[in-house]
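The structure appears below as structure tokens.
Chains as they are written, first to last, in this note's numbering: chain A, 240 to 898; chain B, 932 to 1621.
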């Protein structure tokens, strides 16, 4: 009886899966077109899965092994099942292989089940709670029905009742694993995830045989000249089709939720829920079936949307509230942790673009900051002619006078901020101590456009960027050095698309190079214990984790690392215009970060970003002093040893006070 | 951006000044080496530059000629090329920190003394005596005029060759230039007097000669007054005319404006307004000058607070603010603004200890900052944390000495407990602040209070420490600064008793602290002639009492400095307080409901009686030594201070010796009554090496 039933069952489930897949593809195709090389993507997919995706998954060893066993077992079992039971090729090794595959899958599903016994809050419940049982049903029933096929049990073992029972269990397994995969069950992640890897909007993120992928963190430019293109994303169908596909790949593991600073602060954002809301919107409906943690303070079931309906309502509720989108600090912790390589930040900025450019609805100080940028080329609205006031006594060489220099020192808008001026003056002192040939743009410099872009004002960003590029194109320099990771990121990763290609260095990188080249000499560190806070735009955005630590080591500092450091560093709360849009939560992100600092017992937290400095210094009752790496280096400078004594004299004469 | 008006650079001539804050010219009384700028001088200005000051104009009244003597105030001598290398050190020290430095140059004419050094004959346009210095002078001759014009030019050359950034020609404070300007002093009928142009001629020839000598690439400014405040002197309108006249030449790069002339004691007090004055009392005069000139205008006079400076600059009244005493109190004022530590700025309180010393020919010091102008000795403005062991330090007494000791010890990183018997910090400063027009002196305490809170010093207020409480804390070091109490029992005849009911006399402290109701008819006997007696007289008169203040000294208030006794006199005369000198208090006795004070003339022995209802005696402070002698034998060093180490600003040798018993030091009035500065200085130099 099984011989008859099995091929029918298998064929039926496969057929249903194909129909489901076609329907799913139609949902994705509601999105706008995107330039993707389909064949090349499909060809690259296995490597992207086995190397890049697993690189992320493998951060959790137990889950990684669980997934290898379960997914690997399933894929093998599914293929063999078709061969053995669908086409009746049970002879020889195939049947034994199917037994092994289903056994492996079963073993894996036991671990999946174990995790589901006391699931952490970040995991979605609902249908996901039945998944381990479905996995077991599939693997056990396949195993059982294969036993007679390889002759371990007699062909007629048991009665027809047993066969029927087995088939029922198999139907459950097949239903979840094959039918559910394309019809929206938990296994959808495998189907959508595989295609998402193949057709990912940032193909450059992935490794190739030639080498590592790059971090590909720059936002993609909006084509402002295309009259038909929407300004940002208003409805789910305004996303590109492969973005929609990406949302569909979400496995609801909640790793993003666990690392999201806004979520932890009780602001109304949960990256996982946001992605799920996009899936709801794409298919149409409400979020009532969402089975994970809600946006803090926003009960589930009150929002709904459709593919062509607005995501954010001008008034009342739609799919997502605006404050959810404005809570994001663009820290990329979610993107960094996502095992499905989903691009949350791209999506959030896309939606912000619409709110800012079409609705003019940038909350709180947002509109004022953007107005300032438009009027004065700096977010504070300061007199553009006052940009160099902080350096009136430093006699900084101007590019306008020199036309060329080895290093162009990019100041950033911290030039207007009294706190950051100390960092800048320290950096100048360091550059002079190392005899670096540098110059600044002076009053010709404009804001890099970072804040405008993160607030969704792509037009102002592009205007600033193009004018900066025009200015930079007048002068010759080898590289740009800046103490502002946001400028670093924008100049290095986002100007390229607009025609500005530069070699940009964060000052910590540059100082590390100068030290390695023997151009800087430090006296030994005498202060207390020090921890280091990785700025998001330096670390996660640009992969620079080592240089700042190398500089601190060169100063004689042994860094007492925070639990969340390196690529897992917790945001200070200052990115993405979040301090400007200022969405209230239950606590402040920088307070939490200073809590992380306190846990290390450090008396000083070294930073490398004006924004981080401002945020962390704004913490009341902080246990640690906040200092930029440049300040620590400037304090530690000593003249070169006697052999290069001549230079050290000029060094002394030139070194201006930090204050 | 906070304070953006302060931090807006400005161009003066070809010079860029990094911010709008100036330490204006004042006599430092540091150029002791025959008028050469000393190491002390250089370090004093280097500290200001290090602290971020935009422009320092040094050398108030630096002389250009040998008949304008420098020795009285140890001012800088630009009459010789010998000064040039000294200037180079000075310029380098300031430039190194991004600051700019100019010097004021002048010939003081009659405004000096002739009875010393080279015994010069002083010169003046019309030979009229100058009252403040009691100086006579000759009528200057044409040849001398041209010689001095040439001296100005040579002096400017020396400043330029020394690497300074500019010179300020002094035409203020009744120096020779404005002696020619003012019809009050210039009665000449030749081409140097009479008409406006003639009176302007000397200054104009000086300006032309200086400019011709130094060229356009060197800053030349002028300091002028805004109104001489004399009916026969130069009015504000006159000064506007004069400023515009010189400005029109295009040869003046800036004007410094000082409200008020200063050739009488009363006007002199205006020039450096003490705490009796409101903030920036003469800003309107500087703003009036700014209306008529193109060159930038600098104005000092009672601008002490960064917010005040910002407001003045933002309002556009003047282009740069002088914060001169503000920098004497805290040379790191600008740095602290930049560090967002405005609350840590030690703000000038207008006690005028600095300028009142200067008028006595003593070096300029700050009442509350003992490190100022002692930078060369190694006294720090910023106290470094100790690298040695952390100690338990107990300080007893929350007056100025105790507060400074606690602050410095806490900055060193020690665990500090401060006991104060009363329920607030301040000691005698609290009492001093009770008098009319003297409330601002409490700013000294306010700063200490903020600092001690910031440094988390354990402050036990309302807690009189005894031997047991102190030793229970197991201190490594005990510093006693317990002060003293009014010394009324010196003469039995005064009838003082510890029993308030029986005592015939009360102290100025009792009056000012409100412990004793003011009488209606009061005699104050003031043996000191310092602030306390004058303050008590002012206080009582202010409460409606009829007051006579009597002293056996030459005049009540005789020991109060030259910029402060006038503000007392204004107030006391206005309230019809009688000031009697040369009489000592012989005896007080009771007669019915009244008291009779018997006064005896020091020179004749004649006695007079006054029938009053209250006798207040100011006879100084008697040290409170009880706690010291209770602890002395329990201490390792027997309470002794190594004077050689103390005077050399070196660590006390006993600090590096081991032992179980605590070290004991005492300072301030509990040793012997001196003054606020003495207590703070001792505390700083003693505790900086704890």
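Just so it is clear, CB atoms sit at the ideal spot from N, CA and C, and this is done for glycine as well.
No experiment lies behind these values; they were computed from the predicted model shown.
Per DSSP, residue 1545 of chain B is one residue of the beta strand (DSSP E) stretching across 1545–1549. Annotated three-state conformation of residue 1104 of chain B is coil, per DSSP. Here residue 1453 of chain B is actually not in contact with residue 1530 of chain B; their C-beta atoms are around 14 Å apart, not less than 8 Å. Within a 10 Å sphere around the beta-carbon of residue 356 of chain A sit fewer than 16 other beta-carbons, which makes this residue exposed. Around residue 458 of chain A, the same chain offers 585, 588, 692, 733 as residues with beta carbons nearer than 7 Å, after the five sequence neighbours per side are excluded.
Annotated as distal: residue 1019 of chain B and residue 1097 of chain B, with beta-carbon spacing of 8 Å or more. The C-beta of residue 657 of chain A comes closer than 8 Å to at least one C-beta of chain B. Beyond the five residues adjoining it in sequence on each side, residue 690 of chain A comes within less than 6 Å, by CB distance, of 618, 816 in the same chain, given in chain order. Non-local C-beta neighbours of residue 1176 of chain B in its own chain, meaning closer than 7 Å and more than five positions away in sequence, comprise 1131, ordered along the chain. Rounded to the nearest whole angstrom, the C-alpha separation of residue 1505 of chain B and residue 1205 of chain B is 18 Å.
Of the residues B:1103, B:1153, B:1076, B:1082, the one whose Cα lies closest to the Cα of residue 1033 of chain B is B:1153. Per the coordinates, the alpha-carbon of residue 1381 of chain B lies some 32 Å from the alpha-carbon of residue 1250 of chain B.
Look at residue 717 of chain A here: in three-state DSSP terms it is strand. Your pair residue 269 of chain A and residue 521 of chain A checks out as a contact, with CB atoms roughly 7 Å apart and the cut at 8 Å. Taking 8 Å as the Cβ-Cβ cut-off, the region 944–963 of chain B approaches chain A at 947, 948, 949, 950, given in chain order.
A residue is called buried when at least 16 other Cβ atoms come within 10 angstroms of its Cβ; residue 1289 of chain B meets this threshold and is buried. At a beta-carbon threshold of 8 Å, the residues of chain B lying near residue 661 of chain A are 1269, 1270, ordered along the chain. Taking all protein chains shown into account, residue 1184 of chain B has 16 or more neighbouring C-beta atoms within 10 Å of its C-beta and is therefore buried. Taking a beta-carbon distance threshold of 8 Å, residue 1019 of chain B does not count as an interface residue toward chain A. Three or more Cβ pairs drawn from the region 1323–1342 of chain B and the region 1586–1600 of chain B lie within less than 8 Å of each other, which places the two stretches in contact.
Per DSSP, reduced to three states, the secondary structure at residue 445 of chain A is coil, with no helix or strand assignment. Residues are counted here when their Cβ sits less than 9 Å from a Cβ of chain B; for the region 623–635 of chain A these are 625, 627, 628, 629, 630, 631, 632, 633, 634, given in chain order. About 7 Å separates the beta carbon of residue 867 of chain A from that of residue 722 of chain A, a gap short enough to meet the 8 Å contact definition. In terms of Cβ geometry, residue 380 of chain A and residue 344 of chain A do not form a close pair [threshold 8 Å]. For residue 1588 of chain B, no alpha helix (DSSP H) run applies, since DSSP gives it neither H nor E. Residues of the region 1025–1040 of chain B that bring their beta carbon within less than 8 Å of a beta carbon in chain A comprise 1027, 1028, 1029, 1030, in sequence order. Taking 8 Å as the CB threshold, residue 939 of chain B lines the interface with chain A. Distances from the alpha-carbon of residue 554 of chain A to those of A:532, A:875, A:600, A:517 put A:600 closest. Looking at the DSSP output, residue 1410 of chain B sits in a beta bridge with B:1326, B:1596.
Residue 1454 of chain B carries a strand assignment under DSSP once its states are collapsed to helix, strand and coil. Spanning the alpha carbons of residue 639 of chain A and residue 680 of chain A requires a straight line of approximately 7 Å. Cβ contact annotation for residue 1241 of chain B (same chain, cutoff 7 Å, sequence separation greater than five): 934, 936, 937, in chain order.
At least one C-beta of chain A is nearer than 8 Å to the C-beta of residue 935 of chain B. Each residue's CA atom was taken as its position, placing residue 326 of chain A and residue 250 of chain A some 10 Å apart. If you draw a 10 Å sphere on the C-beta of residue 1449 of chain B, you find 16 or more other C-beta atoms in it, and that means buried. When Cβ pairs closer than 8 Å are counted between the two stretches, the region 568–580 of chain A is seen not to touch the region 668–677 of chain A, the count staying below three.
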